[in-house]
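Novice:
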Ligand code: C2O
Ligand code: CU
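In the working numbering, the protein residues as written are 1230 to 1685.
Take a look at the structure:
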């Protein structure tokens, strides 16, 4: 790490007003090039691509059941689109170029108009050349509030990202097609920010109860997180409430695109923190300075968040089981796979920047992996034959994990499949349309780990 991660740094970005919002039909969400302080003090500001010129983009906050309307304005030098990650959305609004819409050309616009059926923590991000555009900063939180919000003193969204900055100039390195990254763990950064700030701090009171909404916007980094001076529960994963809150007793992982909602009490007397447990030590990501004058009496107990209106999964054992085999990457190099309808050798694929395959295909296939009748129930087994973990994400649906003993685990939209592991999920295909299914290590998706399913 070239930067001193203990150094504290104030956010430099000021919120800007929406220009031209008065004449637009929908409020605008403009993607543009901007500068922001990401690196510690003493380094220059970094050129980023941000929604409304900020990273993260503004927090979009709604009530459950609200209609969301935003005019996306593309002021970037590349075509772009917005995907509303985790929202069980109308297919035409899903933001996937070549599948649900055309990418919006520079200076073009697209009107997104959809309803948010579920409360919880979601996010929005660019979905064209994501490996580059998300790495440049095109993402923001999408928060849908419960009709009856839980009893907390503060509700904080913490969006984690790692950046690969040139250690001299603090500019984003533009090696997005780096074959080593694509064929290994993906693009990992050398500095971690939370809400676009290096080593941020929040003021909290002793015994205050906090809701922490963690969102991993990193291209590829899996965080192993721990709490220091805070104690509490995981109450939701990927936006969906757990049936019963899970007490945090150990480190917990947050893979790319995943979210974890925590409800925690401040036990520390002076400083608490959210830390990242890494091979070479434990690093503070967020500091909570305890302000005694805001102390309060401790609460006891916790209630679950109210459930979202997802279709219940029944009869899993009779649901058809589809295998999706994850193949390729360093140390398990592809022998061959299909690309453009032809069988190519691993060497030919590598020359074209393809290192991974799903069921023997190194791109989004022309036919869907699964063609499901609306309302039918399906199991998918992700079989990871590679030497790396992958964060498999389904658009438009949440699924339930099927645990080793066959029982149903939590609802998620992104599941981490460790190397050599098989993880089974079950879903009700109840949202009609064409939906992507891909690895959210964005370099892996660009290098072949991309598929889709259809609900008719
Ligand atoms: Cu957040 Cu297709 O992904
Ligand atoms: Cu992957």
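Glycine included, every Cβ here is placed at the ideal spot set by N, Cα and C.
Keep in mind that this is a model prediction, so the values were computed, not measured.
1. Helix or strand or just coil, what does DSSP make of residue 1565?
2. Restricting to runs no shorter than 3 residues, where is the beta strand (DSSP E) found entirely within the segment 1429 to 1478?
3. Classify residue 1502: buried if its beta carbon has 16 or more other beta carbons within 10 angstroms, exposed otherwise.
4. In chain order, what are the residue ranges of uninterrupted beta strand (DSSP E) at least 3 long that sit wholly in the segment 1248 to 1327?
5. Taking DSSP as the reference, what is the three-state secondary structure of residue 1534?
6. Name all residues in chain order for which at least one heavy atom of the ligand CU lies closer than 6 Å to the residue's CB.
7. Using DSSP's beta-bridge definition, name the partner residues of residue 1388.
8. Taking the alpha-carbon positions, what's the residue 1541 to residue 1467 distance?
9. Please list, in chain order, all residues of the same chain as residue 1612 whose beta carbon is under 8 Å from its beta carbon, the five residues on each side excluded.
10. Entirely within the segment 1627 to 1677 and at least 4 residues each: give me those alpha helix (DSSP H) ranges in chain order.
11. How would you call residue 1358, buried or exposed, if buried means at least 16 neighbouring beta carbons within 10 angstroms?
12. With hydrogens ignored, establish whether the beta-carbon of residue 1644 is closer than 8 Å to any heavy atom of the ligand C2O.
13. So if DSSP puts residue 1529 in a beta bridge, which residue, or which two residues, is it bridged to?
14. Can you tell me whether DSSP reads residue 1360 as helix, strand or coil?
15. Does any CB atom of chain C fall closer than 9 Å to the CB of residue 1373?
16. Run through the DSSP bridge pairs and tell me what residue 1620 is partnered with.
17. Start and end of the beta strand (DSSP E) containing residue 1510?
18. Can you check which of these residues, 1270, 1254 and 1315, is closest to residue 1340 by C-alpha distance?
19. Leaving out five residues before and five after residue 1319 in sequence, what residues of the same chain have Cβ atoms less than 6 Å from its Cβ?
20. What did DSSP end up calling residue 1578 once you bin it into helix, strand or coil?
21. Would residue 1292 and residue 1376 be called neighbours here (beta carbons separated by less than 9 Å)?
22. Measure how close the beta-carbons of residue 1463 and residue 1366 come, nearest whole angstrom, since I'm counting them as under 8 Å.
23. Cβ of residue 1664 within 9 Å of Cβ of residue 1594?
24. Name the two residues that bound the continuous alpha helix (DSSP H) containing residue 1408.
25. Should residue 1486 be listed as close to the ligand C2O, given that the test is whether its C-beta is under 8 Å from any heavy atom?
26. By Cβ distance, which residues of its chain are closer than 7 Å to residue 1616, with the 5 residues on each side in sequence left out?
27. The ligand NAD heavy atoms versus the CB of residue 1310: any closer than 8 Å?
28. Are residue 1443 and residue 1483 close, meaning C-beta to C-beta below 9 Å?
29. So the beta strand (DSSP E) residue 1552 belongs to, where does it begin and stop?
30. Note the first and the last residue of the continuous beta strand (DSSP E) segment covering residue 1349.
31. Can you round the beta-carbon distance between residue 1428 and residue 1672 to whole angstroms, since I take them to be within the 8 Å contact cut?
32. Hey, residue 1421 and residue 1391 are a contact pair by Cβ (cut 8 Å); roughly how many whole angstroms apart?
33. Beta strand (DSSP E) containing residue 1507: first to last residue?
34. Would you mind working out which of 1338, 1271 and 1431 sits nearest residue 1384, comparing C-alpha positions?
35. Might you give, ordered along the chain, the residues of its own chain that have their beta carbon closer than 7 Å to the beta carbon of residue 1667, omitting 5 neighbours on each side?
36. Where does residue 1523 sit, in a helix, a strand or coil, going by DSSP?
Specialist: Reading from the atomic positions:
1. The answer is strand: DSSP assigns residue 1565 an E or B state.
2. Segments of the beta strand (DSSP E) lying fully in the segment 1429 to 1478: 1430 to 1434, 1438 to 1445, 1452 to 1457, 1459 to 1466 and 1469 to 1476.
3. Around the CB of residue 1502, 16 or more other CB atoms lie within 10 Å, so the residue is classed as buried.
4. As far as the segment 1248 to 1327 is concerned, its whole beta strand (DSSP E) runs of at least 3 residues are 1257 to 1265, 1275 to 1280, 1289 to 1292, 1296 to 1303 and 1311 to 1314.
5. In this structure, DSSP gives residue 1534 a state outside helix and strand, which the three-state scheme calls coil.
6. The answer, residue by residue, is 1619, 1668, 1670, 1673 and 1678.
7. Its beta-bridge partners are 1444.
8. Distance between residue 1541 and residue 1467, taken at the CA atoms: about 17 Å.
9. For residue 1612, the CB contacts under 8 Å within the same chain, skipping 5 residues up- and downstream, are 1552, 1553, 1554, 1555 and 1651 in chain order.
10. Within the segment 1627 to 1677, the complete alpha helix (DSSP H) runs of at least 4 residues are 1671 to 1675.
11. By the 10 Å Cβ count, residue 1358 comes out buried.
12. Using a cutoff of 8 Å, the CB of residue 1644 does not count as near the ligand C2O, since none of the ligand's heavy atoms is closer than that.
13. The bridge partners DSSP lists for residue 1529 come to none.
14. Reduced to three states, the DSSP call for residue 1360 is helix.
15. Protein chains in the displayed structure number just one, and chain C is not present.
16. Per DSSP, the beta bridge partners of residue 1620 are 1645.
17. Residues 1510 to 1520.
18. It is 1254 whose Cα lies nearest to the Cα of residue 1340.
19. Correct list, in chain order: 1343.
20. Helix at residue 1578.
21. Going by C-beta atoms, residue 1292 is nearer than 9 Å to residue 1376.
22. About 28 Å; that fails the 8 Å criterion.
23. Contact: no.
24. Residues 1408 to 1412.
25. For residue 1486, the Cβ falls inside the 8 Å cut-off from some heavy atom of the ligand C2O.
26. Listed in chain order, the non-local C-beta contacts of residue 1616 below 7 Å within the same chain comprise 1558, 1559, 1560, 1561 and 1648, local neighbours out to five positions each way being set aside.
27. This structure simply doesn't include the ligand NAD; it includes the ligand C2O and the ligand CU instead.
28. A contact, by the Cβ cut-off of 9 Å.
29. Residue 1552 -> beta strand (DSSP E) spans 1550 to 1557.
30. Where residue 1349 is concerned, the enclosing beta strand (DSSP E) stretches over 1349 to 1355.
31. Taking 8 Å as the upper bound for CB-CB distance, residue 1428 and residue 1672 are not in contact here, some 26 Å apart.
32. By a beta-carbon distance limit of 8 Å, residue 1421 contacts residue 1391. Their separation comes to about 5 Å.
33. Per DSSP, residue 1507 belongs to the beta strand (DSSP E) from 1500 to 1507.
34. With distances taken between Cα atoms, residue 1384 lies closest to 1431.
35. Around residue 1667, the same chain offers 1622, 1674, 1678, 1679 and 1680 as residues with beta carbons nearer than 7 Å, after the five sequence neighbours per side are excluded.
36. It is helical.
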